[in-house]
Amino acid sequence: MQKKEKESFRNDWFFTKSGSLVELSEITADGPYGTAPADRPILEYIDKGVVVTNKPSGPTSHEIAAYVRDILGVSAAGHSGSLDPAVTGVQPVMIGKATRAVAALRLSGKEYICLMKLHRSVPEKSIRSAVSQFSGNVYQMPPVRSAVKRALRLRRIYYIDILEIQETYVLMRVGCEAGTYIRKLCHDIGLSLGAGAQMQELVRSKAGPFDDSRLVSLQELKDAYVLWRETGDESELRHLILPMESAFSQLPYLIVRDTAVDALCSGAFLAKAGVSGYSTNIQKGELVAVFTQKGEVVSLSTALMTADEIQGAAKGFVAKPKAVLMDKGIYPKCWKNRQKREECSLSDSSEE
Numbered sequence: 297m298q299k300k301e302k303e304s305f306r307n308d309w310f311f312t313k314s315g316s317l318v319e320l321s322e323i324t325a326d327g328p329y330g331t332a333p334a335d336r337p338i339l340e341y342i343d344k345g346v347v348v349t350n351k352p353s354g355p356t357s358h359e360i361a362a363y364v365r366d367i368l369g370v371s372a373a374g375h376s377g378s379l380d381p382a383v384t385g386v387q388p389v390m391i392g393k394a395t396r397a398v399a400a401l402r403l404s405g406k407e408y409i410c411l412m413k414l415h416r417s418v419p420e421k422s423i424r425s426a427v428s429q430f431s432g433n434v435y436q437m438p439p440v441r442s443a444v445k446r447a448l449r450l451r452r453i454y455y456i457d458i459l460e461i462q463e464t465y466v467l468m469r470v471g472c473e474a475g476t477y478i479r480k481l482c483h484d485i486g487l488s489l490g491a492g493a494q495m496q497e498l499v500r501s502k503a504g505p506f507d508d509s510r511l512v513s514l515q516e517l518k519d520a521y522v523l524w525r526e527t528g529d530e531s532e533l534r535h536l537i538l539p540m541e542s543a544f545s546q547l548p549y550l551i552v553r554d555t556a557v558d559a560l561c562s563g564a565f566l567a568k569a570g571v572s573g574y575s576t577n578i579q580k581g582e583l584v585a586v587f588t589q590k591g592e593v594v595s596l597s598t599a600l601m602t603a604d605e606i607q608g609a610a611k612g613f614v615a616k617p618k619a620v621l622m623d624k625g626i627y628p629k630c631w632k633n634r635q636k637r638e639e640c641s642l643s644d645s646s647e648e
């Protein structure tokens, strides 16, 4: 058994894995089945891609997704979490078949740069003290004008960093759980100070694994698409669109044998015998991403064992599917009958 650093596994397309890799068997990317995400033919690459759009002020998140869909001529596109029309910044849009994974990305953490305006002057020491009290779990009632039902709910603020204070303006960086209302956070901070406050401006700087270093404007995307259509040059389009697998780079992961893939595409549980490698940060009950040895995402699954339990188990089910993202038929069927499954090392006969 070998341990490898996270960068050793398919890090050539902005895919930095979460946790160190433990190999149970040799992991190879040169098998006869499947295609590495970066090597997909351009139409498939687009249809299994994600664009980290730089949302301007004005359009809704749904409109941004619709613009991407129309620019690329695909059947579907979905965004990773709504932003108010006036809010700008990171808006990942999943394209085509990648929209199957939108729900998982919407649940990922977010980061914002927020300009808060106090309704009167307050000493800087008091501001910093009040803001520090809002890190951790907070209760929020969604604003009257919101897209969700108004009910008290718990949200987690991972961090609040004050970047600058000028008179009644406070510039903050906020990392938070999905579904946190920053305008409500500003309002509550103002109440705690006894001065009142409101959100003046808001920019989203991170959404899950995506940050503002990969931002793409709609005009840039349109220009790259026209360039490809008119000249056949795919390079700029491939640069602006990321493989959908990049959306799961922060998740714990499992790597499976080629012989296990097709069964997983049909909704089968993943047995220990089908695992080729795994990350060291897997926890039971948490979401994990399941990949082929070429780095293609097969499914999002719920872990049934911790990383330590996977290492020590002789058999048993490691994960159950939550959302299957790969189509059947790309990898060979090795699960038609008991004998064939045993030959393909898909599962243990005692688990049937």
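Start counting the sequence shown at 297; every next residue gets the next number (our numbering).
For glycine and all other residues, C-beta sits at the position ideal for the given N, C-alpha and C.
Would you check if there are 3 or more beta carbon pairs closer than 8 Å linking the region 597–615 to the region 339–350? Flag = no, the region 597–615 and the region 339–350 do not touch.
Quick check on this structure: which residue in N350, L379, A382 and T395 has the alpha carbon closest to the alpha carbon of V370? Here the closest residue by C-alpha is T395.
A559 versus S422, P617 and Y363, residue with shortest Cα-Cα distance: Restricting attention to S422, P617 and Y363, the CA atom closest to the CA of A559 is found in P617.
To the nearest angstrom, how far is it from the Cα of E639 to the Cα of C630? The predicted model places E639 with a pLDDT of 47, which falls under 50 and marks its position as unreliable; any figure quoted below should be read in that light. The alpha-carbon atoms of E639 and C630 are separated by roughly 8 Å.
Cβ separation of T384 and L514, assumed to be a contact under 8 Å, to the nearest whole Å: For T384 against L514, the beta-carbon gap comes to about 13 Å, at or over 8 Å, which does not count as contact.
Hey, how far is the Cα of A585 from the Cα of D457? Note on geometry: alpha-carbon atoms of A585 and D457 lie some 31 Å from one another.
T312 - DSSP class collapsed to helix/strand/coil: Residue placement at T312 is flagged as unreliable, the pLDDT there being 47, under the threshold of 50; the coordinate-derived value follows with that caveat. Of the three classes helix, strand and coil, the one that applies to T312 here is coil, per DSSP.
Buried versus exposed, by CB contacts within 10 Å (16 or more), A382: That one is exposed.
So for T384, helix, strand or coil by DSSP? Taken through DSSP and simplified to helix, strand or coil, T384 comes out as strand.
From P438, G486 and L583, residue whose alpha carbon lies closest to that of R446: Considering only alpha carbons, the answer is P438.
Bounding residues of the alpha helix (DSSP H) (the contiguous stretch that carries K480): Unbroken alpha helix (DSSP H) run through K480: I478 to L489.
For V522, does the count of other Cβ atoms within 10 angstroms reach 16, so buried, or fall short, so exposed? Answer is exposed; the Cβ neighbour count stays below 16.
Just to confirm the assignment, what range does the beta strand (DSSP E) spanning T278 have? There is no way to answer for residue 278, as the model of the chain reaches only from 297 to 648.
Are the CB atoms of Y408 and L533 nearer to each other than 7 Å? Against a cut-off of 7 Å, the Cβ pair of L533 and Y408 comes out as no contact.
If the criterion is Cβ atoms closer than 7 Å, does the pair I391 and A373 meet it? In contact: I391 and A373 (Cβ atoms closer than 7 Å).
Have a look at E605, Q436 and E592 and flag the residue whose alpha-carbon is nearest the alpha-carbon of T324. When only C-alpha atoms are compared, the closest one is E592.
Cβ separation of L489 and V418, assumed to be a contact under 8 Å, to the nearest whole Å: Confirmed, Cβ separation roughly 5 Å.
Could you give the residue range of the beta strand (DSSP E) that holds E582? Neither: E582 is in no beta strand (DSSP E) and is coded neither H nor E.
Output the boundary residues of the beta strand (DSSP E) element that contains K518. That residue, K518, is in no beta strand (DSSP E); its alpha helix (DSSP H) goes L514 to T527.
Chain-order list of residues whose beta-carbon lies under 6 Å from that of R553 (same chain, five-residue window excluded): Correct list, in chain order: G570 and S572.
Extent of the continuous beta strand (DSSP E) to which S572 belongs: From DSSP, the beta strand (DSSP E) with S572 extends over V571 to S575.
What do you get for G486, buried or exposed, if any count of 16 or more other CB atoms within 10 angstroms of its CB means buried? G486 is buried by the Cβ-count criterion.
Look at the Cβ atom of A543, then the Cβ atom of L401, and state whether they are nearer than 7 Å. Closer than 7 Å, so yes.
Keeping to the same chain, check which residues put their C-beta closer than 7 Å to that of G315; ignore five residues upstream and five downstream. So the list reads K302, P548, S575, T576 and N577, once near-sequence residues are dropped.
Looking only at its own chain, which residues have a Cβ that is under 8 Å from the Cβ of Q494, when we skip the five neighbours before and after it? So the qualifying residues of the chain are M412, K413, H415, R479, C482, H483 and G486.
Secondary structure of G432, DSSP reduced to three states: The answer is strand: DSSP assigns G432 an E or B state.
Going by DSSP, what residue range makes up the beta strand (DSSP E) through D457? Here the beta strand (DSSP E) through D457 covers R449 to Q462.
With C-beta atoms as the reference, is L550 less than 7 Å away from A397? With contacts defined by Cβ atoms closer than 7 Å, L550 and A397 do not form a contacting pair.
Drop a sphere of 10 angstroms on the beta-carbon of Y455, count the other beta-carbons inside from all chains shown, and report buried for 16 or more, exposed for fewer. Under this definition Y455 is an exposed residue.
Would you check if the distance between the CB atom of S422 and the CB atom of I453 is smaller than 7 Å? At least 7 Å separates the beta-carbon of S422 from that of I453.
For P628, count neighbouring Cβ atoms within 10 angstroms of its own Cβ and tell me buried if that reaches 16, exposed if not. By the neighbour-count rule (16 or more Cβ atoms within 10 Å), P628 is not buried but exposed.
To test your reading of the DSSP string, which unbroken alpha helix (DSSP H) runs of 4 or more residues are found completely within the region 361–406? Scanning the region 361–406 from its first residue to its last, the whole alpha helix (DSSP H) runs of 4-plus residues come out as 398–402.
Measure from the alpha carbon of L317 to the alpha carbon of each residue in I626, S425 and Q607, then state which is nearest. In terms of CA proximity to L317, Q607 leads the group I626, S425 and Q607.
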